[in-house]
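Asks: Taken in sequence, the protein lines are chains A and B. Just so you know, the first sequence maps onto residues 10 to 539 in my numbering. Just so you know, the second sequence maps onto residues 49 to 152 in my numbering.
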Amino acid sequence: MRYTQLSANEIAQKVQAGELKASDMLDASLAQIRAVDGDFGSLDGQATDPETDKKVHAFISLTEEMARAQAQAVDAKVANGEDAGLLAGVPVSIKDIFALENTVTTAASRMLHNYRAPYTASAVQKLMDAGALIVGKVNLDEFTFGSSNESSAYQPASNNPWNTAHVPGGSSGGSAAAVAAEETPLSLGTDTGGSIRQPAAFCGVVGLKPSYGRISRYGLIAFASSLDCPGPLSRNVEDAALMLQVMAGADERDESSATLPVPNYLEALQQDVKGMRIGLSPDYAGIAYPNHKTGEFEIIPVQEEIKQATLDAAEQLARQGAEIIENVPMPHTRYGIPVYFVVSRIEASSNLNRMDGVKYGFTVADARDLQDLYKRTRTEGFGPQPKLRILMGAYLSAASKKVNYYQLASQVRGMIRRDFELAFEPKGAYQLDALLTPTTPTTAFKRAEVFGDSVLMQYADQMTVSVNHAGLPAITVPAGLDNKNLPIGIQFIANHFREDIVLRAAHAYEQSTLDAVWRKVRPMALQEVN
Amino acid sequence: MQLEKITPEAFEKIVEMVAFDLEPQEKAYLLEQLNHQLQSVQELLDIPLEDDVDLSFNKIPRVGDVPRQDKWQAFEQARGIIERAPQNEDGMILVPEPASGKDL
Numbered sequence: 010m011r012y013t014q015l016s017a018n019e020i021a022q023k024v025q026a027g028e029l030k031a032s033d034m035l036d037a038s039l040a041q042i043r044a045v046d047g048d049f050g051s052l053d054g055q056a057t058d059p060e061t062d063k064k065v066h067a068f069i070s071l072t073e074e075m076a077r078a079q080a081q082a083v084d085a086k087v088a089n090g091e092d093a094g095l096l097a098g099v100p101v102s103i104k105d106i107f108a109l110e111n112t113v114t115t116a117a118s119r120m121l122h123n124y125r126a127p128y129t130a131s132a133v134q135k136l137m138d139a140g141a142l143i144v145g146k147v148n149l150d151e152f153t154f155g156s157s158n159e160s161s162a163y164q165p166a167s168n169n170p171w172n173t174a175h176v177p178g179g180s181s182g183g184s185a186a187a188v189a190a191e192e193t194p195l196s197l198g199t200d201t202g203g204s205i206r207q208p209a210a211f212c213g214v215v216g217l218k219p220s221y222g223r224i225s226r227y228g229l230i231a232f233a234s235s236l237d238c239p240g241p242l243s244r245n246v247e248d249a250a251l252m253l254q255v256m257a258g259a260d261e262r263d264e265s266s267a268t269l270p271v272p273n274y275l276e277a278l279q280q281d282v283k284g285m286r287i288g289l290s291p292d293y294a295g296i297a298y299p300n301h302k303t304g305e306f307e308i309i310p311v312q313e314e315i316k317q318a319t320l321d322a323a324e325q326l327a328r329q330g331a332e333i334i335e336n337v338p339m340p341h342t343r344y345g346i347p348v349y350f351v352v353s354r355i356e357a358s359s360n361l362n363r364m365d366g367v368k369y370g371f372t373v374a375d376a377r378d379l380q381d382l383y384k385r386t387r388t389e390g391f392g393p394q395p396k397l398r399i400l401m402g403a404y405l406s407a408a409s410k411k412v413n414y415y416q417l418a419s420q421v422r423g424m425i426r427r428d429f430e431l432a433f434e435p436k437g438a439y440q441l442d443a444l445l446t447p448t449t450p451t452t453a454f455k456r457a458e459v460f461g462d463s464v465l466m467q468y469a470d471q472m473t474v475s476v477n478h479a480g481l482p483a484i485t486v487p488a489g490l491d492n493k494n495l496p497i498g499i500q501f502i503a504n505h506f507r508e509d510i511v512l513r514a515a516h517a518y519e520q521s522t523l524d525a526v527w528r529k530v531r532p533m534a535l536q537e538v539n
Numbered sequence: 049m050q051l052e053k054i055t056p057e058a059f060e061k062i063v064e065m066v067a068f069d070l071e072p073q074e075k076a077y078l079l080e081q082l083n084h085q086l087q088s089v090q091e092l093l094d095i096p097l098e099d100d101v102d103l104s105f106n107k108i109p110r111v112g113d114v115p116r117q118d119k120w121q122a123f124e125q126a127r128g129i130i131e132r133a134p135q136n137e138d139g140m141i142l143v144p145e146p147a148s149g150k151d152l
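1) For a contact meaning CB atoms closer than 8 Å, what does B/MET65 contact in chain A?
2) Taking the straight line between their C-alpha atoms, what separation do you get for A/GLU110 and A/TYR124?
3) Tell me which same chain residues have a C-beta within less than 6 Å of the C-beta of A/GLN79, skipping the five on either side of it?
4) To be precise: take each residue of the segment 254-270 of chain A, compare its Cβ to all Cβ atoms of chain B, and keep it if any distance is under 7 Å. Which residues remain?
5) Could you tell me whether any non-hydrogen atom of the ligand FMN is closer than 8 Å to the CB of A/LEU405?
6) Quick check on A/ILE224: does DSSP put it in helix, strand or coil?
7) Using a C-beta to C-beta distance shorter than 7 Å, which residues of chain A count as neighbours of B/GLN125?
8) Could you tell me the distance, in whole angstroms, from the CA atom of A/PRO177 to the CA atom of B/PRO146?
9) Rounded to the nearest angstrom, what separates A/GLU91 and A/VAL83 at their Cα positions?
10) As a quick exercise: from A/ASP428, A/SER157, A/GLY27, A/ALA132, pick the residue whose alpha carbon is nearest that of A/PRO208.
11) List the residues that DSSP assigns as beta-bridge partners of A/ASP260.
12) Going straight from the alpha carbon of A/ASP509 to that of A/LEU379, what length do you get?
13) Taking CB distances under 9 Å as the criterion, tell me whether B/GLN90 reaches chain A.
14) Could you list which residues in chain B have their beta carbon closer than 7 Å to that of A/ASP378, in chain order?
15) Hey, is B/ALA49's beta-carbon within less than 9 Å of any beta-carbon in chain A?
16) For A/GLU314, count the other beta carbons within 10 Å of its own beta carbon; 16 or more makes it buried, fewer makes it exposed. Which is it?
17) List the endpoints of the continuous alpha helix (DSSP H) containing A/ASP524.
18) So what's A/ILE425 in DSSP terms, helix, strand or just coil?
19) Grouping DSSP H, G and I as helix and E and B as strand, with all else coil, what is A/THR303?
20) Residue ranges of each beta strand (DSSP E) run of no fewer than 3 residues wholly in the segment 316-402 of chain A, ordered along the chain?
21) Decide if A/ILE308 is buried, meaning its Cβ has at least 16 other Cβ atoms within 10 Å, or exposed.
22) For B/GLU74, decide whether its Cβ has a neighbour in chain A, counting only Cβ atoms nearer than 9 Å.
23) What's the C-alpha gap between A/HIS478 and B/LEU92?
24) Between A/VAL351 and A/PRO338, what straight-line distance do the alpha-carbon atoms span, to the nearest angstrom?
25) Measuring alpha carbon to alpha carbon, tell me which of A/ASN492, A/GLN329, A/VAL486 ends up nearest A/GLN312.
26) Return the first residue and the last residue of the alpha helix (DSSP H) that A/PRO165 is part of.
Below, the structure is given as structure tokens:
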């Protein structure tokens with residue numbers, strides 16, 4: 010087995026035991042990046058590789074020098090018999106939306122193409138303190154605004170390692186692609202409406218969105234502040250638990266981080282699912298999508314293979330002693346996207362007001378006056394998707410003289426949250442420990458197939474976004490391949506701060522399918538190089 | 049209640065408000081997409097609301113339920129923040145003069 014195929018936990022244990030040097034692990038990770046990644050995303054987007062369509066393009070930049078210094082520090086600690094940390098020698102990639110001191114932090118936007126962060130995000134700092142090697146920054150939809158990675162100003166955007174003609178999902182598409190292509194065993198992403206779980210499902214990896222407040226948002230460039238959550242992407246559930254363990258906890262620099270004690274997530278994996286009550290809901294069987302040509306809402310059923318994989322998972326868990334509760338009503342799930350169109354746009358519009366060419370990042374030269382500077386900087390600095398979100402947020406805010414859209418959306422958001430409260434209520438009708446759903450309505454779509462239709466693209470998140478509205482933890486775990494060999498993901502959702510439960514359920518399912526035929530299939534991007 | 053489409057005139061006002069200067073093709077695309085998104089938002093106006101729901105955004109439990117004290121702390125990289133401004137001099141951010149007679 011190659012070093013790059015080791016799990017994060019295996020790497021850390023081998024490094025700590027002196028069986029593997031962190032510097033050798035770093036070399037292996039960098040060699041894999043050179044072999045599969047191709048051209049990194051850049052503003053000019055010029056491809057130099059004739060095979061560029063077959064490459065992964067997960068990265069925007071490498072931080073090799075920093076990673077080399079971190080590897081040397083880890084190796085020195087091990088040589089001195091010191092504890093080198095839970096992630097000793099583990100290569101990690103970072104979604105380029107997190108500040109990392111003295112490195113360019115672009116948010117995949119021209120607006121921040123030259124912004125060198127003066128500080129490091131708390132989540133990234135915790136990874137480094139635990140011995141991780143930060144190898145580079147990975148691509149994303151511009152300012153995280155998208156579900157396919159195609160809106161990145163840094164082209165070529167990331168491809169799906171399972172079939173590079175397909176998107177990796179988004180917005181943490183670079184993270185999911187880097188993990189699936191064995192470039193780094195772990196990646197740090199963010200999830201505002203499904204941005205960890207949807208790309209993880211599309212790329213056949215594990216993605217965990219923790220409860221809102223479980224991981225500090227300090228140093229994360231804000232999209233929608235009441236929804237944003239940092240979280241891990243990994244190739245197995247144990248690694249997601251390990252990475253969460255390192256990053257979770259209170260942070261005095263983020264007042265919205267929870268002060269609850271952090272449980273031992275790795276220990277939680279040792280428990281089985283006997284007696285666990287796992288729900289299935291008919292409200293996750295399809296998406297209600299507004300057809301703008303007819304003006305009618307259409308119910309588009311979940312792809313049959315994804316539906317079947319979800320039911321198969323329920324059966325697997327039932328065989329292990331879990332109790333499956335069918336027909337759990339989640340009637341407000343269909344309103345998740347309309348609520349998101351209001352809440353996320355108004356918050357995004359407000360957050361992006363600070364990008365004005367004065368304080369940091371891109372600015373135009375020779376502005377006639379201050380107004381000219383603002384207008385030309387924002388026009389040239391933002392791509393179409395941020396512009397669309399800013400305009401929608403500004404319109405809804407301005408139109409609120411007639412209807413207070415934010416309050417209305419917050420009220421419906423409360424109704425979405427109540428669906429979950431009723432499902433998880435310990436003395437309620439369902440008494441669920443977890444809800445099991447598909448992660449996405451389809452497997453990864455082809456590049457350019459949906460891009461440009463901002464409504465259809467948004468509805469790709471209908472299975473994930475309600476969790477963000479309610480602030481709950483959820484995990485996606487690979488559950489097979491469709492007839493095009495594209496990965497399928499299933500999702501477990503639990504009550505507030507019960508990451509231990511989603512990890513336990515996902516781990517039990519994962520362990521029960523370790524010998525499945527589909528697990529032997531390798532992503533297309535790896536077949537030629539390894 | 050029926051949500052009205054955004055008219056080209058209303059759109060121009062929003063574009064000015066958020067300080068964009070758009071080409072005609074980009075305007076057409078963005079206006080079309082905004083109106084498609086509003087069709088989705090229309091659903092919110094059509095559903096019966098439950099009055100007793102909690103509007104709080106997220107539940108963040110705290111040990112002892114006491115927010116931390118608001119204490120001022122010097123940021124070590126304060127100078128570094130100013131130095132990242134596109135135009136700066138002697139620890140100050142430089143901006144062009146506002147156009148006379150125009151609201152900012």
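Just so it is clear, CB atoms sit at the ideal spot from N, CA and C, and this is done for glycine as well. Quantities reported herein were computed from a predicted structural model and do not represent experimental measurements.
Replies: Checking against the coordinates, here is how it stands:
1) ALA403, ALA407
2) 11 Å
3) Same-chain partners within the cutoff: LEU142.
4) GLU261, GLU264, SER265, ALA267, THR268, LEU269
5) Ligands displayed in this structure: none; no statement on the ligand FMN is therefore possible.
6) strand
7) PRO127, TYR128
8) 44 Å
9) 9 Å
10) A/SER157
11) Answer is A/ASP263, bridged to A/ASP260.
12) Near 52 Å, if we compare the C-alpha coordinates of A/LEU379 and A/ASP509.
13) yes
14) Neighbours of A/ASP378 on chain B, chain order: PRO144, GLU145, PRO146, ALA147.
15) According to the sequence provided, residue 49 of chain B is Met. The question's Ala does not apply to it. Yes - at least one Cβ of chain A is within 9 Å of the one on B/MET49.
16) buried
17) Segment: none, A/ASP524 is in no alpha helix (DSSP H) and carries neither H nor E.
18) helix
19) Of the three classes helix, strand and coil, the one that applies to A/THR303 here is coil, per DSSP.
20) 332-334
21) The residue in question, A/ILE308, is exposed, as its Cβ has fewer than 16 Cβ neighbours within 10 Å.
22) yes
23) When rounded, the distance between both Cα atoms is 15 Å.
24) 24 Å
25) A/ASN492
26) Taken as a continuous stretch (DSSP letters only), A/PRO165 belongs to no alpha helix (DSSP H), as it is neither H nor E.
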